[in-house]
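The sequence shown begins at 69 in my numbering and counts up by one. Every residue gets a Cβ at the ideal spot worked out from N, C-alpha and C, and that includes glycine. Model, not experiment: these values are computed from the prediction. Okay, structure first, notes after.
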Amino acid sequence: MAHGVRGEACLVGLPCACANLRRAARAVTQLYDEGLRGSGLRTTQFTLLQVLAITRRITQGRLGDLLSLDSTTLTRTLRPLVGKGWVRSAAGKDRRERLYQLTPAGRRELERARPAWARAQERLRKVLGDTSFERLQSALLEVAEAARRA
């Protein structure tokens with residue numbers, strides 16, 4: 069028993085930053101996936117398209133670093149986007165390096181899905197309130213950076 073709490077209630081307040089962050093991430097991902105449902109994109113795919121829109125052209129390694137994704141997960145997320153023609157893959161400086169960039173079709177898909185993403189974002193902001201939402205954004209950036217340095 070954690071801190072004298074019985075049953076399932078103890079799972080909600082585990083004194084573990086990782087468990088609580090992952091639980092929150094799953095809940096937020098479900099909210100955004102629900103919002104994006106009509107677009108045909110999942111939250112992870114939408115985020116990847118956004119990063120590619122900003123970076124223009126990027127190596128798989130750097131993309132994985134920016135998103136904190138391992139190579140296998142990143143490849144699995146990229147594959148359907150490349151298959152649909154939304155992302156272009158090209159050889160890098162050597163055979164091991166892959167470069168990725170958003171195609172015009174991918175940019176159109178991103179823009180088509182952006183209003184659904186914005187509505188999901190606004191739902192979360194409304195529930196949390198503006199101040200808590202902004203504090204959350206700052207805290208998450210800080211936590212991600214701290215974990216990279218640890």
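- Message: Quick check: the Cα distance between V96 and R166, rounded to an integer number of angstroms?
- Response: Translated into positions along the sequence shown, residue 96 becomes position 28. Translated into positions along the sequence shown, residue 166 becomes position 98. Distance between the alpha carbons of V96 and R166: 31 Å.
- Buried or exposed: where does V155 fall if 16 or more other Cβ atoms within 10 Å of its Cβ makes it buried? Here the question's residue 155 lines up with position 87 in the sequence shown. It is buried - the Cβ of V155 has at least 16 other Cβ atoms within 10 Å.
- Item | Same chain, Cβ closer than 7 Å to T171, five either side skipped, listed in chain order | Counted from its first residue, the sequence shown places residue 171 at position 103. Counting only Cβ-Cβ distances below 7 Å, and skipping sequence neighbours, we find G153, W154, V155 and R156.
- Express the C-alpha separation of C84 and Q118 in angstroms, rounding to a whole number. Position 50 of the sequence shown, counted from the start, is the residue given in the question as residue 118. Position 16 of the sequence shown, counted from the start, is the residue given in the question as residue 84. Their Cα atoms are separated by approximately 31 Å.
- Under the three-state reduction of DSSP, which class applies to T226: helix, strand or coil? Residue 226 lies beyond the residue range present for the chain, which begins at 69 and ends at 218; the question has no answer from this structure.
- Give a yes or no on whether the C-beta atoms belonging to A184 and G129 are separated by under 7 Å. Indexing the sequence shown from 1 puts residue 184 at position 116. Indexing the sequence shown from 1 puts residue 129 at position 61. No, they are not a contact pair.
- What are the start and end residues of the beta strand (DSSP E) that includes A158? The count along the sequence shown starts at 1 and reaches residue 158 at position 90. Run containing A158: V155 to A159, per the beta strand (DSSP E) assignment.
- Message: I believe L149 touches G174 by the beta-carbon criterion, under 8 Å. Please report the beta-carbon distance rounded to the nearest angstrom.
- Response: One-based indexing of the sequence shown puts residue 149 at position 81. One-based indexing of the sequence shown puts residue 174 at position 106. That belief holds up - the Cβ atoms of L149 and G174 are roughly 7 Å apart, short of 8 Å.
- With respect to the alpha helix (DSSP H) encompassing L209, which residues constitute its N-terminal and C-terminal limits? Along the sequence shown, one-based indexing puts residue 209 at 141. It spans D198 to R217 - the alpha helix (DSSP H) in which L209 sits, taken as one unbroken run.
- Message: By DSSP's criteria, L167 is part of a beta bridge. Which residues make up the other side?
- Response: Position 99 of the sequence shown, counted from the start, is the residue given in the question as residue 167. DSSP lists T127 and A158 as partners of L167.
- Item | Reduced DSSP category for P148 - H, G, I as helix; E, B as strand; rest coil | For the purposes of this step, residue 148 is identified with residue 80 of the sequence shown, where counting begins at 1. Three-state DSSP puts P148 in a helix.
- Query: Can you name the start and end residues of the alpha helix (DSSP H) that W90 belongs to?
  - Reply: Indexing the sequence shown from 1 puts residue 90 at position 22. Per the sequence shown, residue 90 should be read as Arg rather than Trp. Unbroken alpha helix (DSSP H) run through R90: A85 to L104.
- Item | Rounded distance between the beta-carbons of Q169 and L120, thought under 8 Å | Looking up residue 120 in the sequence shown gives position 52. Looking up residue 169 in the sequence shown gives position 101. Confirmed, Cβ separation roughly 6 Å.
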